[in-house]
Amino acid sequence: MINVQEIRKDFPILSRSVNGKPLVYFDNAATSQTPNQVVDVIVDYYHNYNANIHRGVHSLSQEATDKYEAARIKIQQHFNAAKSHEIIFTSGTTHGINLVANGFSALLEKGDEIIVSALEHHSNIVPWQMLCERTGAVLKVIPMTEEGTLDMVTFEAVLSEKTKLVFCNHVSNALGTINPIETIIEKAHAVGAAVLIDGAQASPHIKADVQALDVDFYVVSAHKMCGPTGAGMLYGKEAWLQKLPPYQGGGEMIAEVTFEKTTYADLPHKFEAGTPNICGGIAFGAAIDYMNSVGFDTIATYEDELLQYATEKLSTIAGLRIYGPNDHKAAVISFNIEGIHPYDMGVILDKLGIAVRTGHHCAQPIMDFYNIPGTVRASFAFYNTKEEIDILFEGVVRAKNMLS
Ligand SMILES: *Cc1c(COP(=O)(O)O)cnc(C)c1O
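Add 46 to the 1-based position in the sequence shown for this note's numbering, that's all there is to it.
See the structure below:
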């Protein structure tokens, strides 16, 4: 059993007011809140051992390096990677995807095919379109269904010997759909294609095991799992990371530099040019510790309860439509009320202290599919409560009466 009132004490921001009302924070799919345990680690870094890593012989540098590398191992263990050098620190999901897409420029030829799902965040679409422009590869799409799930029959029809890479999110940030990535990985591997899974939205709800999934690349952002912004990780199978050329050149990523020829450092440093977000990486490790102390099974069970409660309650409002699957989804509710623009709904909810996201959620193709300008999205975390959902319900009813 989760003790939400105790957990909420770890998040002082949850006790503040917004527009004179107690904050109800339902924008967790955009970024999660940061507990004291993580903020303390950030403060400790700058108070006590701020130094550049991997270079200095002095003690502070050694201390910072040790903590940074310890965080890498924490992340490795959390996602069950076989080797710590398969974990590359990034600035977030977007960075991780661009790193891989850039590397594939060297591996693709004209006429090769790569496959994207229709449920993607723009950050898992645009870097691949840029890759196609550079290489002449062709981008194919796994279409979506009215229920907000992937059309797996068409996926199999699109897959062929020409397919070199498939990329898809684990959980859709716009709809909450949990995608059948096990099947996608298996089918893609059967034709010799590699798979990148965007785990940004799954990581706060589901503990992914990259070895069990047999996935080639898995990317996440720390700020969606109680960590700081500007930090994240790319997991890549060792063989793939060795095959990919470096993304950025600079300090830290070299073995030897002369003007004739530069040789690159071993993994993971080959992909970590320049001074990284040292504090962010260490705090990411602390965020993983925090989430594991609550427990991912506990989180999943409780968030599911919140999701069911909110779905039932909001469904009683006439004219309200929820987009996405009815079951098997993460704690995201994307909805509209007939005749009301999502932005107008968002503005009124904000006046009531309720933070939701409105708009296309960086997933315009999904909005185009439904032929809508956007949705109102309420996304829940383990520190939210049913009382907050009641406040959302009353707010939506009030906004509806005001706007229609
Ligand atoms: C948030 C999100 C991203 C982008 O993450 P950044 O932290 O902005 O790089 C990509 N994909 C999904 C599914 C997301 O939810």
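Virtual Cβ for every residue (Gly too), placed ideally from N, Cα, C.
Applying the 10 Å Cβ sphere with the 16-neighbour rule, what's the burial state of A128?
exposed
Cα separation between A183 and D158?
Their backbone Cα atoms lie some 5 Å apart in a straight line.
Relative to the C-alpha of L165, which candidate in F213, V50 and L145 has its C-alpha closest?
F213
What is the residue span of the beta strand (DSSP E) that S267 lies within?
F263 to S267
Which one or two residues does DSSP pair with G282 in a beta bridge?
F263
Simplified DSSP state of D350, which is helix, strand or coil
When DSSP states are grouped into helix, strand and coil, D350 belongs to the helix group.
DSSP state of I119 mapped onto helix, strand, coil:
helix
Best match in A246, P322 and S450 for proximity to F263 [C-alpha to C-alpha]:
A246
Please state whether the Cβ-Cβ distance between M190 and M271 is less than 8 Å.
no
Here's a check: name, in chain order, each residue in its chain whose Cβ is nearer than 6 Å to the Cβ of E384, leaving out the five neighbours to either side.
G365
S151 versus G441 - alpha carbon distance
49 Å
Just how far apart, CA to CA, sit Q257 and Y95?
34 Å
Taking DSSP's pairing of strands, which residues face G405 in a bridge?
T421
Taking K446 as part of the beta strand (DSSP E), name the residues at either end of that continuous run.
Segment K432 to L449 is the alpha helix (DSSP H) holding K446; no beta strand (DSSP E) there.
Under the three-state reduction of DSSP, which class applies to M299: helix, strand or coil?
coil
Assuming V237 contacts T209 under a Cβ cut-off of 8 Å, what Cβ separation, rounded to an integer in Å, is found between them?
5 Å
Exposure of M413, with buried meaning 16 or more beta-carbon neighbours within 10 Å:
With 16 or more other CB atoms across the displayed protein chains lying within 10 angstroms of its CB, M413 is buried.
Quick test of your reading: S78 and G399, contact by CB under 8 Å. State the CB separation rounded to the nearest angstrom.
That belief does not hold up - the Cβ atoms of S78 and G399 are roughly 18 Å apart, past 8 Å.
Beta-carbon separation of S371 and E193 under 8 Å?
For the record, residue 371 in the displayed sequence is Pro; it is not Ser. Against a cut-off of 8 Å, the Cβ pair of E193 and P371 comes out as a contact.
Considering only DSSP beta bridges, list what E109 is partnered with.
E109 is not bridged to any residue.
Can N170 be considered in contact with ligand 1, in the sense that its beta carbon sits closer than 7 Å to one or more heavy atoms?
yes
Looking at the unbroken beta strand (DSSP E) that takes in C214, where does it start and where does it end?
That run of the beta strand (DSSP E) goes T209 to N215.
What do you reckon, are the CB atoms on G458 and A333 nearer than 8 Å?
The question about residue 458 has no answer, for the chain in this structure spans 47 to 450.
Between which two residues does the beta strand (DSSP E) carrying V241 extend?
A240 to D244
Evaluate R101 with the Cβ neighbour count: other Cβ atoms within 10 Å of its Cβ, from every protein chain shown; 16 or more gives buried, anything less gives exposed.
Flag for R101 reads exposed.
Name the DSSP beta bridge partners of K375, please?
T223
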